[in-house]
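Undergrad: Residue numbers (our numbering): 1 to 650.
In C-alpha cells, the structure reads:
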C-alpha cells in the first residue's frame with residue numbers, strides 16, 4: 001500500500017492595490033510492500049545431479065538410433081518420474097537492525113517487508129500589485145523542503161567511513177584517482193554498510209544531508225500596451241525557480257533491495273555424503289544453512305552483487321523557468337500570440353557506475369587490445385593466460401608457440417567484441433573471467449560464487465615464490481593485475497553513485513493564431529520551434545523498478561554527452577478548425593428550403609486536424625550482430641557514444 005497524507009491551506013487578503021496570498025502544504029508518504037523477489041519458503045529444482053548423472057539414455061548401445069534431442073527428453077522424463085532433485089534453495093532476510101546476528105526465514109514471516117518514508121512541506125507568499133490600471137506586477141517567494149527518505153523499520157543504509165564516496169572501496173575515498181590503473185589497493189578500505197536514521201543506533205544520520213535552503217523566488221508582470229488600440233496588445237513575462245525533490249524513496253527501496261547483506265539465498269545440491277537427492281529426503285535438508293551472517297562485508301572475490309549510495313553533498317535539484325509573451329488582437333475575430341518559453345534544469349538527479357571498466361585511461365590495457373585487434377601478439381595477454389587454453393583442443397598459452405593474443409582472437413566469447421572495438425564489454429569479460437572447460441588448462445577454480453579467478457591467479461605471479469606453479473611455463477611476475485585494475489571496487493558488479501551531475505536546457509518559440517467563428521469558419525494554428533538539450537539522466541529498466549546507470553562516452557567527463565534530448569523536436573505545427581457547410585436556408589445550396597428539408601439540410605459542419613513535425617534525433621552508429629543473438633549491438637568505446645557530426649551530412 002502507498003498512502004499519501006496531504007494537509008494544506010491558503011489565505012488571501014486584498015488591500016488597496018495589493019492582492020496578498022499565502023499558504024502551506026505538508027505531505028507524508030510511505031510505501032509498505034514486499035521486496036523479496038520470490039516467496040521465502042524453500043523451493044526445489046528437479047533435474048540432474050552432478051554426482052549421479054544418468055547415462056542409460058545417452059548410451060547408443062542401449063538405444064541405437066535414438067536422436068540426441070530425444071535422449072535429452074528421455075533423461076528429463078526419468079528425473080521427473082524418479083523425483084530427482086538437482087538443488088534446493090531458501091531465502092533468508094533481515095527485517096530490522098537488530099537482526100544483524102541472525103537471519104529471519106519463512107518460519108518468522110512469509111515475505112520481507114520494506115517501508116520507505118519521505119516527508120515534505122512547502123510555504124509560499126505572493127503579492128499581485130496593480131501599479132497602474134494597465135500594469136500588474138507579481139512577486140512571490142516559495143520555500144520547499146524535501147526530507148531525506150528513510151526506511152520505517154530502521155533499514156536505511158549508507159557505506160561506512162565516507163558515505164557515498166566509500167563506494168570506491170579499496171581504491172580510496174575520492175575521485176582524484178578514479179580510472180587510474182596505478183591506484184593502490186588498500187584492503188583496510190573495503191566497503192561496509194551501516195544502518196542510519198530512525199529506529200537505528202544513529203538516528204541523526206541519513207543517506208544524504210537534508211537541504212534546508214530551497215527558496216524559490218518568482219516575479220512576473222502583465223502589461224496592457226496603451227498604443228495601437230486600448231487593450232489590443234498585452235505583454236506578459238515571468239521568472240520562477242522551482243525545486244524538484246521527492247521521489248527518492250524509490251531509490252532508497254532499490255538500495256535496500258539490491259544491497260548485500262539484506263538477503264541470502266542458501267542453496268544445497270543434496271546430502272553431504274553424496275547420496276541420491278530426491279523428494280523423499282528433501283525434508284532432511286530443510287532448513288538449508290546459510291553460508292554467512294547478515295550485513296557481512298562482501299569479499300573481493302564475489303563481484304556479483306550491486307551497491308548504491310548517494311553523494312554525501314547531494315542537494316535538491318531545481319529548475320529555472322522563463323516566459324515572455326505578446327498577444328495582439330488583430331481584429332474582432334482574429335488574434336496572434338507569440339511566446340518564448342525556456343526552462344533550465346540545474347543540479348538534476350543523475351547517477352553513474354563507479355565500476356565502469358577502465359579502458360581509455362588504462363594505456364597498457366588499451367594498447368594491448370588495439371594491437372591484438374590488429375593481429376599482433378602482446379606480452380600482456382601471455383602473462384594473463386599463461387598455462388591456460390581459451391580454445392577447445394588447443395594447447396595452453398606458453399608465450400612462444402601459443403600466444404595469449406592469438407587465443408583471444410579465436411575464442412568465441414571474446415572475438416566479436418575485439419573485432420568490433422567493443423573494449424568495455426571485453427574488459428568486463430576479462431575482469432570476471434574464470435576460464436573455460438575443465439582441467440588444469442581450462443577453468444580456474446575458486447570459492448563458491450567467485451568471479452575473476454583468471455586475473456587473480458595471474459596477479460599472484462606464475463612460477464614465482466608464493467604464486468601459481470605452471471609446469472613448463474616461463475615466470476610471470478606478481479602484481480601485474482591488481483584487484484582494481486579494471487573496476488574501482490572489486491567487491492561489487494555495479495557501484496551506482498547518485499549525485500547532482502544532470503542538467504537540461506530547453507528554449508522554444510511558440511506562435512499561435514486563432515480565428516474565432518467568422519462566416520462559418522473557425523480555426524487555430526500553432527507553430528513551435530524548440531531546442532532541448534540534456535545530459536543522459538537514466539539508463540534502461542532491468543527489473544523490480546531498478547534502472548541501469550546511463551551510458552557515458554567518457555565516464556570521467558560526463559558533460560561531453562550533453563546533447564539533444566531523446567524527445568527533442570525542432571519544428572512542430574498543429575492546426576485544427578471547423579467549416580460550416582453551405583447547406584440550408586439562406587445558404588448557397590438549398591437557400592429556399594423550408595420545413596423538414598430545411599431542418600435536415602442546415603447546421604452541417606466539417607472539421608480538420610493537421611499535425612506536422614520533424615523527427616526526433618537519430619544517432620548513426622556502427623553495429624554488429626552476435627551470431628548467438630538476434631539483436632544488433634551498438635559499438636563505441638562505452639557502448640553509447642555521442643556522435644560528433646550533428647545535422648545534415650554526406
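A virtual CB, placed ideally from N, CA and C, is assigned to each residue, including glycine. Here the structure is a predicted model, which is why all the values come from computation and not from measurement.
Only counting the same chain, and skipping five residues up and downstream in sequence, which positions put a Cβ closer than 8 Å to that of residue 9?
TA: The answer, listed in chain order, is 23 and 24.
Undergrad: Between the alpha carbons of residue 311 and residue 216, how many angstroms are there, rounded?
TA: Taking the straight line from one Cα to the other gives about 23 Å.
Undergrad: Please state whether DSSP places residue 448 in a helix, a strand or coil.
TA: Of the three classes helix, strand and coil, the one that applies to residue 448 here is coil, per DSSP.
Undergrad: Would you identify the three-state DSSP class for residue 636, choosing helix, strand or coil?
TA: Low confidence applies to residue 636: its pLDDT is 49, below 50, so where it sits in the model is not reliable enough to give any reading.
Undergrad: For residue 45, list the residues DSSP reports as bridge partners.
TA: Paired residue(s): 87.
Undergrad: To the nearest angstrom, how far is it from the Cα of residue 590 to the Cα of residue 610?
TA: Approximately 31 Å between the Cα atoms of the pair.
Undergrad: Reducing DSSP to helix, strand and coil, say where residue 105 ends up.
TA: Residue 105: coil per DSSP, three-state reduction.
Undergrad: Tell me the DSSP secondary structure of residue 218 in three-state form.
TA: It is a strand residue.
Undergrad: Look up residue 575 in the DSSP assignment and give the residues it is bridged to.
TA: According to DSSP, residue 575 bridges with 525 and 610.
Undergrad: Taking only runs of the alpha helix (DSSP H) that begin and end inside the stretch 234-322, which ones reach a length of at least 4 residues, in chain order?
TA: Listed in chain order, they are 249-258.
Undergrad: Identify the continuous beta strand (DSSP E) that holds residue 372 and give its terminal residues.
TA: Residue 372 -> not in any beta strand (DSSP E); alpha helix (DSSP H) instead, spanning 363-373.
Undergrad: If you follow the beta strand (DSSP E) that residue 7 is part of, which residue opens it and which one closes it?
TA: That run of the beta strand (DSSP E) goes 4-15.
Undergrad: Is it right to say residue 623 is buried, meaning 16 or more other beta carbons lie within 10 angstroms of its own, or is it exposed?
TA: Only weak support exists for where residue 623 lies, its pLDDT of 47 falling under 50; the value from the coordinates is given anyway. Residue 623 comes out exposed.
Undergrad: Of the residues 508, 113, 101 and 167, which one's Cα is nearest the Cα of residue 321?
TA: Per the Cα distances, 508.
Undergrad: Starting from the Cα of residue 193, find the closest Cα among 207, 186, 181 and 184 and give me that residue.
TA: Closest by alpha carbon: 207.
Undergrad: Taking DSSP's pairing of strands, which residues face residue 462 in a bridge?
TA: In DSSP, residue 462 forms a bridge with 468 and 476.
Undergrad: Going by beta-carbon coordinates alone, are residue 110 and residue 298 separated by less than 8 Å?
TA: Their beta carbons are not under 8 Å apart, which means residue 110 does not touch residue 298 by this criterion.
Undergrad: Alpha carbon to alpha carbon, how far is residue 95 from residue 104?
TA: One C-alpha to the other measures close to 8 Å.
Undergrad: With a threshold of 16 other CB atoms inside 10 Å of the CB of residue 287, please say whether the residue is buried or exposed.
TA: Residue 287 comes out exposed.
Undergrad: Tell me which residues share the same chain as residue 210 and place their Cβ nearer than 6 Å to its Cβ, disregarding the 5 neighbours each side in the sequence.
TA: Correct list, in chain order: 148.
Undergrad: Quick one: grab the DSSP three-state call for residue 481.
TA: Here residue 481 sits in coil by DSSP.
Undergrad: Is residue 82 helix, strand or coil when you go by DSSP?
TA: Residue 82 falls in the helix class under three-state DSSP.
Undergrad: Could you give the first and the last residue of the continuous beta strand (DSSP E) run that contains residue 512?
TA: Element bounds for residue 512: 495-518.
Undergrad: Check whether the stretch 73-84 touches the stretch 274-281, counting contact only when three or more Cβ pairs, one atom from each stretch, lie closer than 8 Å.
TA: Contact between the stretch 73-84 and the stretch 274-281 is present, because at least three Cβ pairs lie under 8 Å.
Undergrad: Shortest alpha-carbon distance to residue 173 belongs to which of 74, 161 and 181?
TA: Among 74, 161 and 181, the Cα nearest to that of residue 173 belongs to 161.
Undergrad: Report the residue from 584, 169 and 178 whose alpha carbon sits nearest the alpha carbon of residue 189.
TA: Of the listed residues, the one whose Cα sits closest to residue 189 is 169.
Undergrad: On the DSSP bridge assignment, give the partners of residue 227 in chain order.
TA: According to DSSP, which records beta bridges pairwise, residue 227 is partnered with nothing at all.
Undergrad: Is the Cβ-Cβ distance between residue 126 and residue 21 less than 8 Å?
TA: Yes, they are a contact pair.
Undergrad: Nearest CA to the CA of residue 185: which residue from 487, 153 and 30?
TA: Among 487, 153 and 30, the Cα nearest to that of residue 185 is on 487.
Undergrad: Between the stretch 25-33 and the stretch 112-122, do at least 3 Cβ pairs fall closer than 8 Å?
TA: With a cut-off of 8 Å, the stretch 112-122 and the stretch 25-33 count as touching, because enough Cβ pairs lie within range.
Undergrad: Thinking residue 381 and residue 404 are a contact (beta carbons under 8 Å), I'd like their distance in whole angstroms, please.
TA: Confirmed, about 3 Å.
Undergrad: According to DSSP, is residue 159 part of a helix, a strand, or is it coil?
TA: Looking at residue 159 - three-state DSSP - the assignment turns out to be strand.
Undergrad: Is it true that the CB of residue 243 sits closer than 8 Å to the CB of residue 679?
TA: Nothing about residue 679 can be reported from this structure: the residues present for the chain run from 1 to 650 only.
Undergrad: Are the CB atoms of residue 116 and residue 30 nearer to each other than 8 Å?
TA: Result yes, Cβ atoms of residue 116 and residue 30 sit closer than 8 Å.
Undergrad: On the CB-based measure, 16 or more other CB atoms within 10 Å of its CB, does residue 132 come out buried or exposed?
TA: Residue 132 should be labelled exposed.
Undergrad: Exposed or buried, which one is residue 534 when buried takes at least 16 other CB atoms within 10 Å?
TA: Burial call: buried.
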